[in-house]
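S.K.: The C-terminal position of the sequence shown is numbered 144 in the working numbering, with every residue numbered one higher than the one before it.
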Amino acid sequence: DEAGIRVYDCVNSRLAQNIELPMGTSVLMATDRDSGMVTVCNYNRVVFLAPLGLEDQVCDLIARQEFDSALAIAKIMDAKALCSSSCWLADVQAEIGLSKLVELEFEQAMELFKESTTFCPSSLFPLFPEYTK
């Protein structure tokens, strides 16, 4: 089995994340209960792992173009009311939709825009006046 840390959902005990470590056999693992930081080390390497807020994780996933994972987390956060604002899910949908437009995936982008309550495709028209006259 690869060296790594497995993170489980505290509600349903399902595996939520598997963090692979490029270390081989670890010698020591320590946790700081206050910060949630985990330190794993072996004879020639030390790895520090720190918890990252869900909104930051979603933003990171969007930046890495892992849209399905970002949207899944955003929907869970919205259902559990864990978002910083009431329209956060809609903003995530709009941001992913715009990324899909850039990738020329128009149908997927339009579906996301339909789900988003904060962004309407017609908002794009002023950006292209030479095509929308």
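In this text, a Cβ means the ideal position worked out from N, Cα and C, and glycines have one as well.
#1: Taking Cβ to Cβ, would you say Ala81 is nearer than 7 Å to Ile73?
#2: Which complete alpha helix (DSSP H) runs does the segment 51-97 hold, if anything under 4 residues is left out?
#3: Whole-angstrom Cβ separation of Ala105 and Ser133, contact assumed at under 8 Å?
#4: May I have the straight-line CA-CA distance separating Gly108 from Gly64, to the nearest angstrom?
#5: Beta-carbon within less than 6 Å of Leu123's beta-carbon, same chain only, minus the 5 sequence neighbours each way: which residues are those?
#6: When you compare the CB positions of Ala120 and Lys111, do they come within less than 7 Å of one another, or not?
#7: Closest to Arg25 by CA distance: which of Arg17, Glu31 and Leu32 is it?
#8: Report, in whole angstroms, the separation of the C-beta atoms of Glu29 and Gly15, which I expect to be a contact under 8 Å.
M.R.: Based on what the coordinates show:
#1: As a first step, residue 81 is located in the sequence shown; it is residue number 70 there, counting from the start. As a first step, residue 73 is located in the sequence shown; it is residue number 62 there, counting from the start. Against a cut-off of 7 Å, the Cβ pair of Ile73 and Ala81 comes out as a contact.
#2: 65-74 and 78-90
#3: Along the sequence shown, read from residue 1 onward, the residue named residue 105 stands at position 94. Along the sequence shown, read from residue 1 onward, the residue named residue 133 stands at position 122. Contact doesn't hold; Cβ gap of about 13 Å is too wide.
#4: Position 97 of the sequence shown, counted from the start, is the residue given in the question as residue 108. Position 53 of the sequence shown, counted from the start, is the residue given in the question as residue 64. Computed Cα separation, rounded: 23 Å.
#5: Locating residue 123 in the sequence shown gives position 112, counting from the first residue. The answer, listed in chain order, is Gln104, Ile107 and Gly108.
#6: Here residue 120 is taken as the residue at index 109 of the sequence shown, counted from 1. Here residue 111 is taken as the residue at index 100 of the sequence shown, counted from 1. Their beta carbons are under 7 Å apart, which means Ala120 touches Lys111 by this criterion.
#7: Against the sequence shown, residue 25 aligns to sequence position 14. Answer by Cα proximity: Arg17.
#8: As a first step, residue 29 must be located in the sequence shown, where it is residue number 18. As a first step, residue 15 must be located in the sequence shown, where it is residue number 4. First, the residue type needs correcting, since residue 29 is Asn and not Glu in the sequence shown. At roughly 6 Å, the Cβ-Cβ gap stays under 8 Å, so Asn29 and Gly15 are in contact.
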